[in-house]
Every structure is written in structure tokens, then in C-alpha cells.
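Q: Below is one structure. I have some questions about it.
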Amino acid sequence: MLLIISAGLFIIQYVNPGNDTADPEEQDTQENTEEKPNIEQQNDADGNEHFSVQHTEYPGEVAPNFSAEELIEPPSVNWITNGGNIFNGRYSPLEGIDTSNVSDLKAEWVTSMGTGLEFKYSGESTPLVYDGVMFNITGDNHVTAINATTGEFIWEYKPKLTENLDTLCCGWATRGVALGDGKVFVPLLDARLVALDQETGEVLWETVVDEWEKGYTITSAPLFYDGKVYTGVAGGEYGIRGYVAAYDAEIGRQIWRSYTLPAPGEQGSETWPEDSRNWLTGGAPVWQTPAIDPELGLIYFATGNTSPDLDGSNREGDNLYSDSVMALNANTGEYEWHFQEIHHDIWDYDLANPVVLFDVEMEGEMKKGIAQAGKTGWVYILDRTNGEPLIGIEEKPVPQNENQKTSPTQPFPVGDAFVPQGVTDEDVKRDLPDDFDGKYGDIFTPFWDEPVTVKPSPQGGANWPPSAYNPNTELFYVLGNDNYFSYAHYAEDEENKFELGKEWLGSVWQPVEQSPSRGTVTALDIKTNKIVWQNDWDTIAYSGILTTAGNLIFTGHNDGRIIAYDATNGEHVWEFKTDAGANAPPITYEVDGKQYISIFSAGNSLAGTQHGDKIYTFSLEGEFESLEDISEEDVITSPVSEEMDFNQGKEEDKGEVSVDEGVKVYENNCLSCHGAEGAGGHNGPTLQNTNMDREQLIQQIKEGSGGMPGFEGQLTEEEIEAVTEYIMSLSEEDG
0 MLLIISAGLF IIQYVNPGND TADPEEQDTQ ENTEEKPNIE QQNDADGNEH
50 FSVQHTEYPG EVAPNFSAEE LIEPPSVNWI TNGGNIFNGR YSPLEGIDTS
100 NVSDLKAEWV TSMGTGLEFK YSGESTPLVY DGVMFNITGD NHVTAINATT
150 GEFIWEYKPK LTENLDTLCC GWATRGVALG DGKVFVPLLD ARLVALDQET
200 GEVLWETVVD EWEKGYTITS APLFYDGKVY TGVAGGEYGI RGYVAAYDAE
250 IGRQIWRSYT LPAPGEQGSE TWPEDSRNWL TGGAPVWQTP AIDPELGLIY
300 FATGNTSPDL DGSNREGDNL YSDSVMALNA NTGEYEWHFQ EIHHDIWDYD
350 LANPVVLFDV EMEGEMKKGI AQAGKTGWVY ILDRTNGEPL IGIEEKPVPQ
400 NENQKTSPTQ PFPVGDAFVP QGVTDEDVKR DLPDDFDGKY GDIFTPFWDE
450 PVTVKPSPQG GANWPPSAYN PNTELFYVLG NDNYFSYAHY AEDEENKFEL
500 GKEWLGSVWQ PVEQSPSRGT VTALDIKTNK IVWQNDWDTI AYSGILTTAG
550 NLIFTGHNDG RIIAYDATNG EHVWEFKTDA GANAPPITYE VDGKQYISIF
600 SAGNSLAGTQ HGDKIYTFSL EGEFESLEDI SEEDVITSPV SEEMDFNQGK
650 EEDKGEVSVD EGVKVYENNC LSCHGAEGAG GHNGPTLQNT NMDREQLIQQ
700 IKEGSGGMPG FEGQLTEEEI EAVTEYIMSL SEEDG
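The sequence shown: position 559 = 558 (numbering that gives the first Met the number 0), numbered continuously.
Shown next as C-alpha cells:
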């Protein structure tokens with residue numbers, strides 16, 4: 000065991016407030032009948048702190064070293080991997096809840112995680128369930144084991160993340176944990192991987208995957224298979240060298256590491272300039288949980304954007320293996336094949352959506368397929384044995400810009416796009432401000448020193464929210480985003496200079512102010528890549544999809560609703576409004592013959608949604624028809640929630656209003672949307688040239704608008720004053 004408990008370990012014992020004056024005999028009785036939780040702060044051999052507490056005895060069986068057959072099986076009683084099984088299909092054969100009775104679904108239990116409420120955190124995790132126990136993780140890496148039938152806490156674990164952690168481009172979010180061989184495998188945002196005892200939550204081993212100071216972080220859920228734990232790394236916006244790595248599940252040592260950027264002389268290196276360091280700083284991170292085909296012995300994943308994201312002037316070529324679907328030998332990490340979806344990406348069209356494996360009959364022959372939903376708005380459907388298109392993908396000429404060293408062609412899949420792929424004259428008249436006079440164009444329109452507005456935007460198309468495939472309907476379900484972003488390149492900007500551990504975008508992007516954001520929920524025929532049905536939303540679609548044999552799909556909405564549609568025709572058949580943005584994928588499971596639907600509804604920074612901290616679980620025998628029926632007493636809470644809710648990252652000193660204090664408030668609440676120093680964010684305008692005066696800024700911060708939430712009530716008056724001072728200082732520096 001790598002973990003050692005330091006001599007300075009201390010235990011805080013929780014007692015009832017009235018116990019100070021209680022009768023000794025009565026106190027003894029209480030102590031005998033009511034077990035009080037102990038919370039422990041521990042330090043491992045490297046001095047890393049974590050807090051853990053066990054509330055009750057573990058009620059279920061310990062997960063085995065799952066066999067390949069168990070991991071391929073579609074999830075029914077249990078949900079044991081992030082994607083439901085190692086094919087990532089998010090399809091369950093459970094059919095107790097179907098189109099005939101889904102309208103009777105009611106909330107069975109609601110549990111408050113007690114942490115991650117600050118705006119910098121996002122709730123994106125897919126809970127796991129095994130033998131009646133649910134495992135979940137919040138945006139600040141708080142992990143819980145919960146009774147899946149009652150919502151009661153079994154144990155909790157929370158690490159103390161590196162105090163100065165600031166290399167997170169897109170908010171503080173973790174998408175799940177992995178499970179196997181009696182362990183819960185936890186990815187930490189500061190690029191550590193931890194194994195917890197499944198029954199107690201105690202740390203069994205901890206491994207440093209990489210150095211967060213260089214921009215490496217982990218946001219995706221790991222994958223357990225064949226005694227190994229697989230994880231990718233995020234950080235493409237920081238000039239990292241992307242990779243996937245496999246670790247021994249028993250002791251945490253690395254087995255292999257496979258880079259997504261080829262070193263000089265390796266296959267693919269010819270797609271980068273010679274005598275350059277691009278292979279060390281070129282990006283190509285891995286944002287999502289891989290999939291595995293045990294029969295072929297291959298692990299599959301999709302890679303992210305190049306670095307710098309938006310400036311192609313110094314990286315001539317296709318820039319492999321960025322923006323690619325890749326297949327590696329699952330035992331050795333050796334390269335097998337790739338398919339690049341975007342050559343020489345300058346639009347941040349990275350492949351954030353998880354790959355999905357499927358088997359389907361085409362033209363009388365069973366095919367082993369793999370599908371990946373792109374930010375481009377297309378689904379790329381390939382043969383997973385060799386990476387060749389199952390449905391045609393054509394290389395077509397695209398507009399050129401000599402400065403950007405653009406690729407002469409791009410892959411165009413045969414079939415339908417699930418979001419608009421260009422800005423038309425009609426769009427400008429309908430959606431954009433009257434004073435808009437910028438250039439605009441279709442997908443793959445390049446840009447340089449004059450702003451150009453295109454669709455899809457860096458948000459997609461399909462972003463990280465997972466897609467799903469239903470083998471009964473033979474439909475692929477995907478969430479899409481449709482909004483307006485402008486790009487421009489300014490050679491002297493700080494964004495163009497590489498600095499270790501700093502964002503390196505290479506150009507400027509921002510949403511077009513006062514323009515709408517829309518979303519789509521789309522079902523495509525897996526055999527033709529044609530749209531079968533589509534539902535339009537008046538906001539981006541930012542959660543994920545579950546589909547079942549009950550002919551249903553479930554998904555979350557920014558306004559807090561979990562929604563069910565008929566999987567065949569898209570008819571809206573049920574909804575329940577939670578108290579926060581429902582921005583995580585739903586799951587289903589069964590205990591004692593009873594089917595449940597669960598979703599972690601905690602809001603999302605990049606979606607600009609209401610934050611919360613609750614898991615909502617539904618059944619046909621549930622008690623609560625609506626949120627109004629759920630009282631505070633009905634919500635299950637942890638007795639140690641306050642102690643677990645310590646601040647992560649940079650400490651916030653409460654003091655007088657100052658620009659320095661404003662920096663801290665900004666980094667915790669605004670950075671993910673607006674970017675470091677007010678530029679280069681992911682869905683907020685640049686603040687370095689804001690034309691708002693002091694009072695307008697304060698009003699905007701308090702009330703929000705245009706997709707930005709209001710912070711009145713979340714930030715104190717002093718914090719609002721401080722962040723206003725900081726934003727005004729950015730504008731003064733720029734001017």
C-alpha cells in the first residue's frame with residue numbers, strides 16, 4: 000500500500016449540538032444506538048492531503064475483476080462503466096419504464112452532494128452503480144458512495160487539490176470514476192490518479208500522471224479493463240503533448256503511454272514542419288473515456304485540437320494525430336489505425352464527444368462500426384477493424400488562407416449535418432445585431448486579421464455530452480449546439496506566444512454579442528447517416544443521452560429539466576424540472592426488479608446554468624411529482640458536508656476591495672467563460688475592450704443576460720465590487 004498515514008493524522012468527532020449538557024446515561028445510550036461519523040485528514044507519502052469518512056457499513060458485493068464478457072454486456076441491473084459498457088453506447092435493455100408508463104415517473108430520492116456549488120465548478124459526471132451502490136464525483140473531485148435505493152451516504156472522499164491549480168481551460172469538471180476489482184478509480188484535476196477501496200473509500204494507491212503546471216489535467220472518467228486503468232489527458236489549450244496511458248489497477252504503476260503527437264521520424268511526423276518543436280507542444284489531448292473491443296484487442300478514442308488552437312501559420316501540414324479517431328493495441332498501446340476528421344484545425348473543432356462502438360447489418364453483412372459525433376455537426380461512421388468509412392466520407396476543396404497554411408481539402412461525410420454549417424444573409428438579418436457588419440461564411444472558412452463569423456462554433460456541433468446508440472431502433476442520438484462565434488488573428492497578441500502553463504490560443508475568438516444560442520436533439524439512421532427526427536431547443540444542448548429498450552431516450556436541459564422522448568419519433572413524453580442545470584448524462588439501473596433513472600443535476604459554468612449539487616433518482620413508484628413537492632427535510636444530506644466543502648485551488652482572502660481580490664473572484668467564477676485576463680474564453684465575450692461603465696458592469700454581474708447567469712446572491716457585494724474593479728483594469732490596460 001503506497002498510502003501512509005502521517006504521525007500528524009487527526010480525527011474530528013462529530014457530536015449532536017445538545018450533547019454538551021446531556022445526561023451521561025442518555026449520552027451513552029445515544030452513542031450506542033447512533034454511530035457518529037469520523038472524518039479523517041490524511042497525508043500520503045508525497046504530502047498530499049485528503050479527507051475521508053465512512054458513514055455506514057458497505058451494503059453490497061464488491062465488484063470483481065470484470066471479464067470482457069461482463070464489460071461488453073449492455074447495462075441493466077448495474078451501470079459499471081462511464082458509457083454503460085465498454086462500447087460506450089449508453090443503451091440499456093431495461094424496459095420496465097417505457098413509452099406507455101414513463102409519464103408516471105416520479106422522484107424517488109434526492110441527495111445533496113454538499114460541495115461544488117461555486118460557479119467555477121460544473122456537474123458533468125455519469126454516476127456508476129454496482130449491486131445497489133452508486134458512485135459519483137463532483138466538479139471539485141468529491142467522491143461519494145451512496146445507497147442506490149435510498150440515497151443515503153455510505154462513504155465520502157475528497158482530496159486537497161494543488162493550491163495554485165490554474166491550468167483548467169474550461170471550468171472545474173470531472174466526468175466520472177471507474178470501477179473494478181474492489182476499487183474505485185478517481186481522476187483528479189491536478190493530473191493524479193487515485194484508487195479507493197470500494198467498501199470504505201480509503202486510499203489504496205495514488206499515481207501522478209503528469210505535471211499540472213505544464214497544463215496537464217484530467218477531466219475524463221477512466222476506464223477499467225483487463226486489470227488496467229486507462230486515462231487520457233486534457234490541456235490542448237496549454238501546448239501539451241497529448242496521450243493515453245494504461246496503469247496497473249493493483250498498484251497504480253504505468254504500463255504504457257501512447258502519444259497522440261508523433262516524434263520526429265515516427266509515422267505522422269511528416270504532417271508537421273521539419274525541425275520544429277510542434278511534437279512537444281502541439282496539443283491533441285484526449286477529453287473523453289475510451290471504448291474497447293476485446294475481440295479485436297483494440298482501444299479507441301478521439302483526440303482534441305492542435306496547439307495553438309487557432310493559429311496555423313507555424314504548423315503547416317495536416318497535424319496528425321490531432322482531431323482524429325485512433326485505435327491502439329489495448330495491451331501495448333501500439334498504433335493500429337487513425338482517421339482524421341479535420342486537417343490542420345484552426346477553428347477548435349476538436350473531437351470532444353466519446354466514440355461509440357456498434358454492430359449492425361449493412362447490405363446483408365454484419366459490420367463492426369464506430370461512430371464519433373464531431374463539433375463540425377457531422378457524425379463520422381467508420382469500420383472499427385481498419386478505420387475506413389462505413390458510409391462515404393469525401394475529401395472536398397475548402398476556402399484557403401495562405402497565412403493560416405490551410406489544408407486544401409477537408410473530409411465531408413455523406414449524410415446529414417445535425418446543426419447548421421454556415422452563416423447566411425438570412426441568419427444575419429434574423430439573428431445578429433443591426434450594427435453587425437463583419438464577414439461571415441460557411442464551415443471551414445479561414446480567418447486572419449479581420450474577424451470572420453462562422454458556424455459551427457467552438458462549442459459545436461457536438462461537444463463533450465455523450466451520444467448514444469440504440470440497437471433496436473438502429474438510431475444514433477446526438478446533442479448539438481448552434482451559435483455564432485467570430486475568429487480573428489492579431490500577430491502581436493499575447494495569445495500568440497507560448498509560455499509554459501499558460502493558455503496558448505494563438506488568435507482571438509468570442510461569441511457574437513446579442514445573438515441567439517440554440518440546440519438540437521437528433522436521431523440519425525446509423526446505416527445512412529440521415530436524420531430520422533430532430534427536436535430544436537432555444538438553448539445549447541449540454542448534458543448527454545441515455546437510451547433504453549423501453550423505446551425511450553432521456554436527456555438533461557439547461558433549465559433544469561430531465562426530459563424523455565420517444566426514441567422512434569422524438570415525441571416529448573415526460574419531464575421533471577430539477578433545481579439546477581441538468582448538464583450531465585442520465586443513467587438507469589435496477590435493484591430488486593425495480594428500474595430507476597438518475598441524473599446529477601449541478602449546473603455548468605460554460606453553459607451558464609444555475610448551479611446545484613443534487614442527484615435526482617426517479618421510479619414508477621416515486622413519491623414526488625414535482626420539485627415543489629420536495630421539502631428540505633426530504634433531501635438527503637451528509638452530516639459532514641460543511642467540512643468536505645473546503646475551498647479548492649487558489650485561496651480567497653476576504654478583505655478590502657482591490658484589483659488583487661478581484662482577480663481571485665474572477666478566476667473562480669468568470670475565467671472559464673471569458674478566458675485568462677478577459678480574453679480567449681469559451682463562450683463569453685472579450686472583456687479587454689468592454690464599453691460598459693462601472694454601473695453597467697455591476698448590473699450585468701448581478702443580473703446577467705445574454706446567456707450569462709446573474710451572480711447576485713452567489714457573490715457578496717464586496718466580491719462584486721472587487722471583480723468589477725478587475726474587469727475595469729483590464730479595459731484600461733488594453734486601452
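Even for Gly, the Cβ is constructed at its ideal location relative to N, Cα and C.
Identify every residue that forms a DSSP beta bridge with residue 300.
A: For the purposes of this step, residue 300 is taken as the residue at position 301 of the sequence shown. As a beta-bridge residue in DSSP terms, residue 300 pairs with 325.
Q: How is residue 474 classed by DSSP in three states: helix, strand or coil?
A: Here the question's residue 474 lines up with position 475 in the sequence shown. Correct three-state label for residue 474: strand.
Q: Pick helix, strand or coil for residue 268, following the three-state DSSP scheme.
A: Here residue 268 corresponds to residue number 269 of the sequence shown, with the count starting at 1. Residue state, collapsed to three classes: helix.
Q: Quick check on residue 67: does DSSP put it in helix, strand or coil?
A: Here residue 67 refers to the residue found at position 68 when the sequence shown is read from its first residue. In the structure shown, residue 67 sits in a helix (DSSP, three-state: H, G or I).
Q: What are the residues that DSSP puts in a beta bridge with residue 571?
A: Walking along the sequence shown from the start, residue 571 turns up at place 572. Answer is 564, bridged to residue 571.
Q: Under the assumption that residue 141 contacts residue 114 (Cβ atoms under 8 Å), give the Cβ distance between them as a whole number of angstroms.
A: Working through the sequence shown from its first residue, we reach residue 141 at position 142. Working through the sequence shown from its first residue, we reach residue 114 at position 115. At roughly 4 Å, the Cβ-Cβ gap stays under 8 Å, so residue 141 and residue 114 are in contact.
Q: Please name the residue, chosen from 320, 324, 309, that lies closest to residue 300 on a Cα-to-Cα basis.
A: Along the sequence shown, read from residue 1 onward, the residue named residue 300 stands at position 301. Considering only alpha carbons, the answer is 324.
Q: With a cut-off of 8 Å, do at least 3 Cβ pairs link the stretch 337-350 to the stretch 291-311?
A: yes
Q: Where in the stretch 426-476 do unbroken runs of the beta strand (DSSP E), each at least 3 residues long, occur, reported from the N-terminal end onward?
A: If we require 3 residues or more, the beta strand (DSSP E) runs fully inside the stretch 426-476 come out as 438-440, 451-453, 467-469.
Q: Please identify the residue among 117, 252, 85 whose C-alpha is closest to the C-alpha of residue 288.
A: Position 289 of the sequence shown, counted from the start, is the residue given in the question as residue 288. Considering only alpha carbons, the answer is 85.
Q: Any idea if residue 112 is buried or exposed, counting beta-carbon neighbours within 10 angstroms, 16 or more meaning buried?
A: As a first step, residue 112 must be located in the sequence shown, where it is residue number 113. So residue 112 ends up on the buried side.
Q: Between the stretch 523-541 and the stretch 379-398, do three or more beta carbon pairs fall short of 8 Å?
A: yes
Q: Tell me, please, which residues DSSP counts as bridged to residue 750.
A: A query on residue 750 cannot be resolved here, the shown segment of the chain reaching from 0 to 734 and no further.
Q: Please report the distance separating the alpha-carbon of residue 508 from that of residue 447.
A: To locate residue 508, count along the sequence shown from 1; it is residue 509. To locate residue 447, count along the sequence shown from 1; it is residue 448. The alpha-carbon atoms of residue 508 and residue 447 are separated by roughly 11 Å.
Q: For the 8 Å Cβ check, are there 3 or more pairs between the stretch 564-573 and the stretch 88-105?
A: yes
Q: Let me make sure I understand the geometry here. Which of 213, 172, 411 has the alpha-carbon closest to that of residue 116?
A: Here the question's residue 116 lines up with position 117 in the sequence shown. Looking at the Cα atoms, 172 is the closest of the given residues.
Q: Once DSSP output is grouped into helix, strand and coil, what is the label at residue 107?
A: Working through the sequence shown from its first residue, we reach residue 107 at position 108. DSSP, reduced to helix, strand and coil, places residue 107 within a strand of the structure shown.
Q: Pair every Cβ in the stretch 209-223 with every Cβ in the stretch 146-156, then say whether three or more of these pairs are closer than 8 Å.
A: no
Q: To the nearest angstrom, report how far apart residue 338 and residue 104 are at their CA atoms.
A: Taking the sequence shown and counting its residues from 1, the one referred to as residue 338 is at position 339. Taking the sequence shown and counting its residues from 1, the one referred to as residue 104 is at position 105. Approximately 42 Å between the Cα atoms of the pair.
Q: Closest to residue 570 by CA distance: which of 584, 553, 466 is it?
A: As a first step, residue 570 is located in the sequence shown; it is residue number 571 there, counting from the start. Closest in C-alpha terms to residue 570, from the list 584, 553, 466, comes 553.
Q: Under three-state DSSP, which class holds residue 157?
A: In the sequence shown, the residue the question calls residue 157 occupies position 158. DSSP places residue 157 in strand when its eight states are reduced to three.
Q: From residue 436 to residue 414, what does the alpha carbon distance come to, in whole angstroms?
A: For this step, residue 436 is matched to residue 437 along the sequence shown. For this step, residue 414 is matched to residue 415 along the sequence shown. Using only the alpha carbons, I get a separation of about 33 Å.
Q: Within the continuous beta strand (DSSP E) that includes residue 361, where are the two ends?
A: Position 362 of the sequence shown, counting from 1, holds the residue named residue 361. 355-361 is the extent of the beta strand (DSSP E) around residue 361.
Q: What does the Cβ neighbour count give for residue 55, buried or exposed, with the cut at 16 atoms within 10 Å?
A: Here residue 55 refers to the residue found at position 56 when the sequence shown is read from its first residue. Using a 10 angstroms sphere on the CB of residue 55, the tally of other CB atoms stays under 16, which defines it as exposed.
Q: Locate the alpha helix (DSSP H) running through residue 278, then write down its first and last residues.
A: One-based indexing of the sequence shown puts residue 278 at position 279. For residue 278, the uninterrupted alpha helix (DSSP H) segment begins and ends at 277-280.
Q: Below 6 Å CB to CB, which residues in the same chain sit around residue 136 once its five sequence neighbours on both sides are set aside?
A: Start at 1 with the first residue of the sequence shown, and residue 136 comes out as number 137. Around residue 136: 124, 142, 173, 176.
Q: What are the uninterrupted segments assigned as beta strand (DSSP E) that are 3 or more residues long and contained completely in the stretch 158-205, given in chain order?
A: Taking only runs of at least 3 residues, the beta strand (DSSP E) segments lying wholly in the stretch 158-205 are 177-179, 182-187, 191-196.
Q: Report yes or no: do three or more beta-carbon pairs, one from the stretch 420-439 and one from the stretch 265-279, lie closer than 8 Å?
A: no
Q: Just mark residue 396 as buried or exposed, buried being the case when its beta carbon has 16 or more other beta carbons within 10 Å.
A: As a first step, residue 396 must be located in the sequence shown, where it is residue number 397. Counting Cβ neighbours within 10 Å, residue 396 comes out exposed, since fewer than 16 surround it.
Q: Taking the C-alpha atoms as reference points, what is the distance between residue 242 and residue 229?
A: Your numbering for residue 242 matches position 243 in the sequence shown. Your numbering for residue 229 matches position 230 in the sequence shown. Each residue's Cα considered, the two are about 11 Å apart.
Q: Report the partner residues of residue 523 according to the DSSP bridge assignment.
A: As a working note, residue 523 is residue 524 in the sequence shown. Its beta-bridge partners are 475, 530.
Q: By DSSP's criteria, residue 487 is part of a beta bridge. Which residues make up the other side?
A: Position 488 of the sequence shown, counting from 1, holds the residue named residue 487. DSSP output for residue 487 lists 507 as bridge partner(s).
Q: When DSSP labels each residue in this structure, what does residue 235 get in the three-state scheme?
A: As a first step, residue 235 is located in the sequence shown; it is residue number 236 there, counting from the start. Note: residue 235 maps to helix in three-state DSSP.
Q: Since I believe residue 445 is in contact with residue 398 (beta carbons under 8 Å), could you give me their beta-carbon distance rounded to a whole number of angstroms?
A: Within the sequence shown, the letter at position 399 stands for residue 398. Within the sequence shown, the letter at position 446 stands for residue 445. Residue 398 to residue 445, Cβ: 6 Å. Contact.
Q: Do you know whose CA, among 138, 469, 286, 635, lies nearest residue 524's CA?
A: Along the sequence shown, read from residue 1 onward, the residue named residue 524 stands at position 525. Looking at the Cα atoms, 469 is the closest of the given residues.
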